[in-house]
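Structure first, commentary second.
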Amino acid sequence: MDVKKDIRFRVYISFTGIVILAVAIIAKALSIQLGEGEALRAKADRAHTKKETLFPERGNIYSEDGTLLSSTIPQFDLRIDFGAMNKDTFHVYLDTLSKCMSSLFKDGSSDDYKRQLRLAFNSKDRYWLIKRNVLYYQYQEVRNFPILNKGKNKGGFIVEPHSKRVNPYGMLAYRTIGLWRENAANVGLEHKYDSILSGKEGTRIIRKTTGATWMPIEGSEVDPVNGQDIVTTIDINIQDVAEHSLKDVLEKYNCQYGTAIVMEVQTGKIRAMANLGRQPDGSYWEDYNYALIPTEPGSTFKLMSLYSLLEDGYVNINSTVDAGNGRWKVGTQTVVDDHQGLGMMTVKKAFALSSNVAFAKMVNQHYHDNPMKYIRHLQKLGLNKRTGIDLTGEQNPLIKTTASKSWNTVTSLPWIGYGYESKITPMHTLMVYNAIANGGKMMKPYLVSSIQEYGLPVQQFEPKVLIEQLGKPETIRQMQEAMHAVVLEGTAKAIQSPYYDAAGKTGTAQVADKGIRYSDGVRQGSFVGYFPFDKPRYTIAVVVRSTPHGAYYGAVVGAPVFKAIADKLYATHIGGWNTPADSLVKEKSIVAKKGTGASLSEVMQVLGFAKPTNIDLAGITTYARDSSNRYTVRKQNDIRSTVPDVNGMGLRDALLVLEAAGLKVTVSGMGKVLNQSVPAGNRIIKGQNIHLQLG
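End of the sequence shown = 695 in my numbering, gap-free, step of one.
Right, dumping it as structure tokens:
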């Protein structure tokens, strides 16, 4: 009995222990289920499912005529995982794979590729780089190469897609159109309109399946919303001539930097904005937006002083002022004219010859007792605040008042009167001069005319009037006449044209900013004006920063850029079609480059060549050499079913021809077409992609 009791006791103890353990397990399970269950289930889900971001396509940037200024193209980094590759397969196809890579990339012989591939295979490289930034058509070819066409698991082919933002026209308007960068801040219009261009990201849930592959869960997708397109006011042809004209002067005189801006008088649209700075190697690049950086303007500011004096009735342009011997001492400082004394003259002549002494004297004489009366005129012109142009990076201007700490009761007023002790941007100066050209109506400068989605406008931007009437009609008329005199008989008479009249003002200023002292000899030359004088269409501002002791007068570095741009605009946008052909070409024979028939017809019309009979030039692609007033053309319907040959064409003509054929075009590089990814003569597949390499 004692043994039975002992066994029974042990059984009870064991059973009790098991019951207690079971209760503990159940309690713990309930605790986990109720207290930590949700978190643990989420953790388990994360191990087998994850959220994937679906990126939208970034919108394009266009000019008003539909020219593509900025777009996103897909690029690919291609790699090989040799650990996934079968040894026998590798050796069988090594020669063929090497030849394919050498033929496509043209950066090494097939023997070079064979040696590199063998070394990578022997070392079992799991992430060997074939090539970075491969274009789409190249990627399509590579994926069909031997071995690699077996995919990732058997062929070891690894593809890493990413996007590149390209500007088909290279440097043209580069700082204005801007930069889009994945790992740095955007600039220009790319930054200002980033929220519109970027669209909205989408998502989807993907789940790990048997075999460790990830598959999307049906119904979990939230599609991305592609970015909208913006249409700018930039005219690429005007931008081109502005940039080249500015660059010519900068290179000729070895200048530090320069900007040239073209504004449409009636609307305020910015048709071109070139900004070029000298690089360490001596070349010039669109590195900063100098058009929006305030500096002391120099003599172009005399127009603002003339406005104040005329509007208050203190003078008219036929009043006289004494510039004496070209030197006028004010306190301990001296105002100096570049001329050796102009003596007594009219206000109009003082403006035309840019007398510092005359304008310093007049402003000081009439506003000495009430400087703020003069300053309020400058404030009315909007010179004390940003222009509000739809572009990031515009800096605050500086217009002193009598309350400013640096205001000097003796010298500040006369010095401001001829362009010092104030800082305004070239865009400010352009805006004021454009208002005078526009009869006193001040327009807000702007760069974007519309926002589009799939080719349809969703928002339009109309011209905005900042000031309906800047001053009395007589004030505006006299200012126009004074500006006209600058070109007719003043400091800018060298830019006169037999085809049109212009009006404007030269400016030259010593520079003291960003560590530069007046004594360092750095100066800034400028010219701001408009044309044609009788019916103004465009206002142009040119500002150039010199190197110490280099050429700097506005008539030397600014006015020639104005004239080059104005000549081009007159020939192409205003009255050039009526210009006699004999003044443009001496011999009536030309060699025509590849282009559309419409473009060729336009050029031939200007040059006075006879239009060919019985040929409709619309839609014709020309491959012409003309030496006897005849076109040699190829009709579009002859090439409608096959890919056209656009090698040698400019981008505009190439786009017209290829898109008319139903092809989708991507572009890299700049210049003329060097290579097309789909060879000419191939049968056209509607919607097919074709890539153009420019150079």
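All residues carry an ideal CB built from backbone N, CA and C; glycine is no exception. Since we're looking at a predicted model, the values are computed, not measured.
Neighbourhood of residue i by C-beta distance below 7 Å, restricted to the same chain and skipping five residues each side
i	result
D645	A680
Q676	V646, N647, I690, L692
N60	L68, S70, S71, D229
M345	T320, V321, A323
Segment limits, alpha helix (DSSP H) that includes residue i
i	result
A754	Nothing in the structure corresponds to residue 754, since the chain is present only between 1 and 695.
I18	2-31
A358	356-367
P74	Premise fails: P74 lies in the beta strand (DSSP E), 68-80, not in any alpha helix (DSSP H).
W407	Taken as a continuous stretch (DSSP letters only), W407 belongs to no alpha helix (DSSP H), as it is neither H nor E.
K154	151-155
S305	302-311
E52	Note, E52: premise wrong, no alpha helix (DSSP H); beta strand (DSSP E) at 49-54.
R175	174-177
The ligand MG heavy atom lying under 7 Å from the CB of residue i
i	result
R545	What this structure holds is no ligand at all, so the ligand MG is not there to describe.
Separation of residue j from residue i, as counted between CA atoms
i	j	result
Q480	A503	7 Å
G343	K302	19 Å
L692	I476	51 Å
D513	T72	39 Å
L663	I684	8 Å
K192	V561	29 Å
H368	Y174	46 Å
P580	Y499	For P580, the predicted model reports a pLDDT of 43, less than 50, meaning its position is unreliable; a value from the coordinates is still stated below. Computed Cα separation, rounded: 11 Å.
A551	S103	52 Å
K99	V522	59 Å
Q138	Y433	52 Å
L569	A559	15 Å
A661	I205	40 Å
F64	G455	Reading off the sequence shown, one finds Glu at residue 64, where the question assumed Phe. So the two alpha carbons sit approximately 12 Å from each other.
L21	F157	55 Å
K373	Q379	10 Å
D107	P536	55 Å
L430	Q75	41 Å
A492	C255	20 Å
Beta-carbon proximity check, residue i vs residue j, cutoff 8 Å
i	j	result
G525	Y553	yes
S449	V231	yes
T267	Y290	no
P445	M263	yes
V511	F527	no
G202	L54	yes
S250	V544	Note that residue 250 corresponds to Leu in the displayed sequence, not to Ser. In this structure, V544 lies closer than 8 Å to L250 by Cβ.
L447	L383	no
F533	A566	no
V134	L78	yes
M443	I389	no
V265	N438	yes
L246	L292	no
V665	L655	yes
T176	L189	yes
L381	M483	no
K114	D88	no
P56	L97	no
V667	P168	yes
A494	A571	no
Cβ-based neighbour list, residue i, same chain, cut-off 6 Å, excluding 5 preceding and 5 following
i	result
Q459	I451
A700	Missing from the structure shown is residue 700; the chain here goes from 1 to 695 and no further.
D112	none
F121	F82, F90
W415	E421
T401	I375
Y136	P74
Nonlocal neighbours in the same chain, by C-beta distance under 8 Å from residue i, ignoring five residues either side
i	result
L309	V315, V347, M362, V363, H366
K441	A435, V465, I467, E468, Q469, L470
E311	H377, G471, K472, T475
L129	D77, L78, R79
Boundaries of the beta strand (DSSP E) in which residue i is found, first to last residue
i	result
N275	270-278
M263	257-264
N133	128-135
K664	664-668
Chain C contact for residue i (CB, 8 Å cutoff)
i	result
K348	Within the model displayed, chain C is absent; a lone protein chain is all it includes.
Stretch-stretch touch, CB-based, cutoff 8 Å, three pairs: the segment 282-302 with the segment 325-344: no
The segment 232-241 / the segment 267-274 touching (three or more Cβ pairs under 8 Å): yes
At least three beta-carbon pairs within less than 8 Å, the segment 352-371 to the segment 144-153: no
At least three beta-carbon pairs within less than 8 Å, the segment 315-333 to the segment 356-365: yes
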